[in-house]
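Numbering (this note's numbering), first residue to last: 671 to 769.
Yeah, the Cβ is synthetic: ideal placement off N, Cα and C, and Gly gets one too.
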């Protein structure tokens with residue numbers, strides 16, 4: 671069964687995810703990073719409005735910007751509810767845990 675929302679991930683964002691994986695692996699958090707990516711992308715395909723915090727609305731574009739944290743990864747994305755598309759805008763790696 672197809673997910674309710676389609677993810678739109680640019681080549682630049684895909685490349686950034688690969689870069690962040692390399693950084694996470696160097697910190698010994700590669701497996702944690704992969705699991706977070708898989709979990710977050712599943713959430714974004716199935717319930718992008720419910721899983722993130724809205725930060726602002728692009729009124730004339732019909733988009734809402736959201737942020738969701740799936741440690742150790744932070745995602746910024748926009749949702750077009752009418753067209754059922756999630757645009758992944760930014761992916762960040764949180765710093766290593768303290769200690």
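Residue pairing by DSSP places residue 676 opposite 755 in a beta bridge. Comparing alpha carbon positions, the residue from 726, 694 and 677 closest to residue 718 is 677. For residue 733, the enclosing beta strand (DSSP E) has its first and last residue at 733-740. Shown here for residue 731: not one same chain residue has a beta carbon closer than 7 Å to its own, the five before and five after excluded. The C-alpha of residue 748 is placed about 11 Å away from the C-alpha of residue 738.
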